[in-house]
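Going line by line, the protein sequences match chains A and B. Per our numbering, the very first residue in the first sequence carries number 1; after that it's consecutive. Per our numbering, the very first residue in the second sequence carries number 590; after that it's consecutive. The beta-carbon is built from N, C-alpha and C at its ideal position, and this holds for glycine as well. For clarity, every value in this text was computed on a predicted model and none was experimentally measured. A short write-up of the structure that comes next.
Number of protein chains: 2
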Amino acid sequence: MSYTAPTDDIAFILERVAGLGRLEGRPGMDAFDPELVAPILEEAGKLSRDILAPLNAEGDRIGAQLTADGVKTAPGFAEAYGAFRDGGWMGLAFPEEFGGQGLPKGLALAVMEMVHGANMSFGLCPLLTFGAIEALIAHGTPHQQEMFLPRLISGEWTGTMNLTEPQAGSDVGALKTRAVANGDGSYALSGQKIYITWGDHDMAENIIHLVLARLPDAPEGSKGVSLFVVPKRLVNADGSPGPRNGVTCIGLEKKLGIHASPTCVMEYDGATGWLVGEENKGLAHMFTMMNSARLNVGLEGVGVGEAAWQTAWSHAQERKQGRAEGVEGPAPILHHADIRRTLTTMRAHVMAARAICYACGVAADLAETADSDEARTAAAAREDLLTPIAKAWSTDMGVEMASLGVQVHGGMGFMDETLAAQLYRDARIAPIYEGTNGIQAIDLAGRKVARDGGAAMNAMLGEIHDTVREARATNDPQLVQVADRLEAAAGALDSATAWLVDAMQSDRQRALAGATAYLELAGDVIGGHFLARSAVAAREENARQRARMTALAGFFAETALAEAPGRVAGITEGGKFAIEEGEALFDIA
Amino acid sequence: MSYTAPTDDIAFILERVAGLGRLEGRPGMDAFDPELVAPILEEAGKLSRDILAPLNAEGDRIGAQLTADGVKTAPGFAEAYGAFRDGGWMGLAFPEEFGGQGLPKGLALAVMEMVHGANMSFGLCPLLTFGAIEALIAHGTPHQQEMFLPRLISGEWTGTMNLTEPQAGSDVGALKTRAVANGDGSYALSGQKIYITWGDHDMAENIIHLVLARLPDAPEGSKGVSLFVVPKRLVNADGSPGPRNGVTCIGLEKKLGIHASPTCVMEYDGATGWLVGEENKGLAHMFTMMNSARLNVGLEGVGVGEAAWQTAWSHAQERKQGRAEGVEGPAPILHHADIRRTLTTMRAHVMAARAICYACGVAADLAETADSDEARTAAAAREDLLTPIAKAWSTDMGVEMASLGVQVHGGMGFMDETLAAQLYRDARIAPIYEGTNGIQAIDLAGRKVARDGGAAMNAMLGEIHDTVREARATNDPQLVQVADRLEAAAGALDSATAWLVDAMQSDRQRALAGATAYLELAGDVIGGHFLARSAVAAREENARQRARMTALAGFFAETALAEAPGRVAGITEGGKFAIEEGEALFDIA
């Protein structure tokens, strides 16, 4: 089985749990009509199922190739990109003034979940283009916006983000690429960038690179980094693509997965670029688009997890081994208790991650469009808080679910040709790029929790307690039990948060040694909260949906939420050994 | 960095924790002198580091190839096998009467950990040969033993296990290969077997296949399966290899990992074989060698986990990113708290799994050689109890640690050429073969826990409480804290065991839906117990070893053991949703 977009689940989480409807009538959302959600998801579902998913296996097998004419994409990718472009999918959530459709980011991200689930390699091209568009909207000059945005937003051109150099990965400030003023307002960029996703390809007639580089007189480190826009082809006065610029893909990485996504070594050889935003503020400017890129990577985890669940579920219906009660002859393995347990684990985790990501996306929309300053500030704090969790928790989840998906397939899951094995390889990059999950945990602990004294997390905990009350008020014994588990888990997150806020002041190294465990706990509790909310909301749905959402919330409550209180020690005490016993553990002199 | 066998850690766990010394002077262990352990581990360490590890990357890249002359192994493998054979490694733990060295299985398994860690693909060849040898020792006729055992034990020939057919995986009883008596005491076997590890190769002049097949009048299902021995080359009267038999490798699987290990489709076309043991008892006979094969697969998890830890540790020393206190200029990432946390996680889990596996191996030796019937029975029960845990917990651990190893490498971990990426691919098969980890969990719940009313597990819990007392008696505050955590965790395992024994009677499906979670809890608690015992034993070692073992036990206690009480609900309550809500969760009509 290939990928079929779970449009009903997506619509349910988007509308009933993340609250997309709250965006109706907001400034800048004139085009948004909640009635449009279903048909848009339907169309995106068709694109992902009929056009993108069928290319996924061959894309993996053949991959992108570097030729004398640049990067040649895998068979069918250019045509599929044409369908994506012509469907107007690139501009869904961008402003109408630049040719976008002015719809919510939350909706565009739901569409991207489907794209990633069908073909993660393909999805990376729009993912990076979104980042370039956002950087230009936020920091570009009117001339730059006019020159690049309409064709990026229409999908005629695509975009990239150029940060990494061999010595500068997580430590972006160590980069060496140089930009020298040409005297005409433009700059000449020289240097080498690595790991540039979709840095070159044959699917669009121009590629707009957003590039971090150093001006000659720049301070050392991260305070001397500026942002530039460098097109592959210079742009003629009429907006059409002109001659080639001095930027070339000189190599493709051979990777564990996402073979159809070209990961380029880019050579800048006096390439013409223009400063975006202020000198030496490149890192800050880059971060404005990082939130949405990180959230979008989180959705890769959701998409891959969904695909892993679907293929495992499908295999479990087809593969017959052993006997089961009520089944004549060899039984589909779906009837075996252990397989069912695994599939339930997969479905619950994917749904929880989906809810975290969509809630983050809707918060991003509200951060721009809510009624009051106060509401916008609160929404921005929620977006900031959820972003590292959405990125890290969802992508770790994607890897784990892909691994479980292989397991359900048994020996067949280890064979090259199965989708399960591809997903296991593809999924593994998502916890690494756009800031490793360790970086996300440090971001959560430092910027998102300690900096405001835990206020944003406490606001989240307040909502969790609302959910506890709502679930309890149903008087449904299953939901009351979920409420009890959720309440205890929220208490654990509350304690851990208080410890973290304090420890980030008093013993920063030890606090940071608990950061990943803290993020994992936060993801479990917040994910369990959204599943509980789903189960409450599903009481107004049909019997099957109600039973499903109650079972997923119940399963998650008895596993992840029930474990939460026991995980506080791992955060508060577990880290000290790594810090204090470096000599014994790692032979550090 | 490549693989360097951790001979000190291995010797420490083997002698001080698993109690290898208890085997001295036992019947059949005449050759065993504890003084030999260090030099044997030293030699095995050289073999693994100098001969096997250097072939691992190219073995992955080139793999085994099927040619007109049969399977050609990757460059250097035949020579490496020659060194393995000439070193006498195959016969280490087999009886002296057949040319073996009569040393403990526990010691041979420690050697295999190194082999697997250096080159998992290579290690599978002796792993399967061990199984064939054990089947012939246990069930072969004197003539069969004379014909095959000396050359298998010397390593001149290798062995295989042929169970799986396309429709018969976990459900071995569904197999269709047929054996028809030739009238001269031999049988003609016909059928196709898949997933046959090292089913053909060019490293030895003969290959002895142990094959499950059906006699013409056999009952259906698992009660009609018999075991046969089928050599690749028939054996001449003088014991030398004669003409080719009717068994051929007709295909090699293309796999996610272990590329250098040929996974063969074997065609039996009237191949001459001989019945091993009794008619229709093939499955039971096969199970006598399954215990040791399963334990050996567990050691693959340990070996791969160790290799993942080593490569991550090495990378963390070399890779510089960002700043750290007390380090001039860019700091090795080993100085960052989150990386240290990850590395500590890896080291602790590998050590815990190593201890579980070695304890299982020494129990297997004691089951044959202990003083009294009672002691042998108790040791056999311990071996039986620990085998599914050693297999499943260690191989899941191997996958998780390989994934963490990729993560520590950042973007480089996703590149094809890194060992980290290879380990992530290689590790994934171990939870699947020799009985999936789900099958191990069912085996643990049914045969190992419910069948004896929890007696074997309660005996284990009794030892855990001894460790609690010993740790507490040290009055070392760190070990007292470990004792507290271990005691609470043992209480959780005790409750879960009582529930499981009851539920396997009263609601078997629901009990089985908790089986994997039960196995995971058991592995954590027993692993934490062995780490606590290591820390107590290390009080007699040098300061660094003492600090290291205390830190590993402490870290594991604050994480896995502290979580244990919260995981009982996932076993007792978590499974019900998967069983009761199949309609809603999986659209089962």
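Q: Just list the beta strand (DSSP E) runs in the stretch 1082-1126 of chain B, keeping only unbroken ones of 3 residues or longer that don't cross its boundaries, in chain order.
A: none
Q) Could you give the residue range of the beta strand (DSSP E) that holds A:Tyr3? A) That residue, A:Tyr3, is in no beta strand (DSSP E); it is neither H nor E in DSSP.
(Q) Less than 9 Å between CB atoms is the rule here; does A:Val310 satisfy it with respect to chain B? (A) Per the sequence shown, the amino acid found at residue 310 of chain A is Gln instead of Val. No, A:Gln310 lies away from the interface with chain B (no Cβ there is under 9 Å from its Cβ).
Q: Report buried or exposed for B:Thr966, applying the criterion of at least 16 other Cβ atoms within 10 angstroms of its Cβ.
A: exposed
**Q.** Cutoff 7 Å; reference B:Lys812; Cβ partners in own chain excluding five residues on either side
**A.** Closer than 7 Å at the Cβ level, and outside the excluded window around B:Lys812, lie Asn869.
Q. Could you give the C-beta distance for B:Gly1159 and A:Ile339, rounded to a whole number, given that I count them as a contact under 8 Å?
A. For a cut-off of 8 Å, the C-beta gap from B:Gly1159 to A:Ile339 is around 17 Å, too long to register as a contact.
Q: Run the CB neighbour count on B:Glu907, radius 10 Å, all protein chains shown included, and call it buried at 16 or more, exposed below.
A: exposed
Q. With DSSP run on the structure shown, which of helix, strand or coil describes B:Leu764?
A. coil
Q) Which residue from A:Ala359, A:Arg244, A:Met401 and A:Pro243 puts its Cα closest to that of A:Thr344? A) A:Met401
Q | Interface residues of chain C facing A:Gln65 [CB-CB closer than 7 Å] | A | Chain labels in this structure do not include chain C; the protein chains are A and B.
Q | Between the CA atoms of A:Gly102 and A:Glu96 - distance to the nearest angstrom | A | 5 Å
Q: Please name the residue in A:Tyr3, A:Asp9, A:Gln65 and A:Ala174 whose C-alpha comes closest to that of A:Ala53.
A: Relative to A:Ala53, the option among A:Tyr3, A:Asp9, A:Gln65 and A:Ala174 whose CA is nearest is A:Tyr3.
Q: With A:Gln65 as the anchor, note down where its beta strand (DSSP E) starts and where it stops.
A: Gln65 to Thr67
**Q.** A:Gly575: contacting residues in chain B (beta-carbon distance under 8 Å)
**A.** Ala926 and Arg930
Q: Give the straight-line distance between the Cα atoms of B:Ile847 and A:Glu541, rounded to the nearest whole angstrom.
A: 48 Å
Q: Could you check which residue in A:Arg323, A:Met90 and A:His349 has the C-alpha nearest to that of A:Ser394?
A: A:His349
Q: Could you spell out where the beta strand (DSSP E) holding A:Leu275 opens and where it closes?
A: Thr263 to Val276
Q: Give a yes or no on whether the C-beta atoms belonging to B:Leu1068 and B:Ala1060 are separated by under 9 Å.
A: It is a contact, given that the beta carbons lie within the stated cut-off.
Q | CB contact check: B:Met1004 to chain A, cutoff 9 Å | A | For B:Met1004, a Cβ of chain A is located within less than 9 Å of the residue's own Cβ.
(Q) For a test of the three-state rule: what should DSSP assign to B:Met1046, helix, strand or coil? (A) helix
**Q.** Candidates B:Val1125, B:Leu799 and B:Leu764: closest to B:Asn1064 by CA position
**A.** B:Val1125
Q. Based on Cα-Cα distance, which residue from B:Gly689, B:Ala768, B:Pro731 and B:Thr662 lies nearest to B:Arg674?
A. Shortest Cα-Cα distance from B:Arg674 to any of B:Gly689, B:Ala768, B:Pro731 and B:Thr662 involves B:Gly689.
Q: Leaving out five residues on either side along the sequence, give the residues of the same chain with a beta carbon under 7 Å from the beta carbon of B:Asp954.
A: Leu612, Pro693, Lys694 and Gly695
Q. Secondary structure at A:Thr599, three-state DSSP: helix, strand or coil?
A. Nothing about residue 599 of chain A can be read from this structure; chain A reaches only from 1 to 589.
Q: Measuring only between beta-carbons, confirm whether A:Phe433 sits less than 9 Å from chain B.
A: Here residue 433 of chain A is Tyr; the residue named in the question, Phe, does not match the sequence. Yes - at least one Cβ of chain B is within 9 Å of the one on A:Tyr433.
Q: Indicate whether at least one CB of chain B lies closer than 9 Å to the CB of A:Val399.
A: yes
Q: Along the beta strand (DSSP E) that carries A:His209, what are the first and last residues, could you check?
A: Ile207 to Ala213
Q: Alpha carbon to alpha carbon, how far is B:Ile1115 from B:Pro977? Give it in angstroms, no decimals.
A: 13 Å
Q. Are there 16 or more other CB atoms within 10 angstroms of the CB of A:Ser403, so buried, or fewer, so exposed?
A. buried
**Q.** Proximity of A:Asp396 and A:Glu520 at Cβ, strictly below 9 Å
**A.** yes
**Q.** Uninterrupted beta strand (DSSP E) stretches inside the stretch 44-119 of chain A (no shorter than 3 residues)
**A.** Segments of the beta strand (DSSP E) lying fully in the stretch 44-119 of chain A: 65-67 and 70-72.
Q) If we count Cβ pairs, one from each stretch, closer than 8 Å, do we get three or more for the stretch 766-781 of chain B versus the stretch 823-832 of chain B? A) no
Q: Please say whether A:Ala390 and A:Arg533 have beta carbons closer to each other than 9 Å?
A: no
Q: Excluding the 5 residues preceding and the 5 following B:Ser554 in the sequence, name in chain order all residues of the same chain whose CB lies nearer than 8 Å to its CB.
A: Outside the modelled stretch of chain B, which goes from 590 to 1178, sits residue 554 of chain B, for which no answer is possible.
Q. Listing by chain order, which chain B residues have their CB less than 9 Å from the CB of A:Phe586?
A. Trp902, Ala905, Gln906, Leu923, Arg929, Leu932, Thr933 and Arg936
Q: Report the neighbours of B:Leu1144 on chain A: residues whose CB is nearer than 8 Å to its CB, in chain order.
A: Per the sequence shown, the amino acid found at residue 1144 of chain B is Phe instead of Leu. Residues of chain A passing the Cβ test: Gly574, Phe577 and Ala578.
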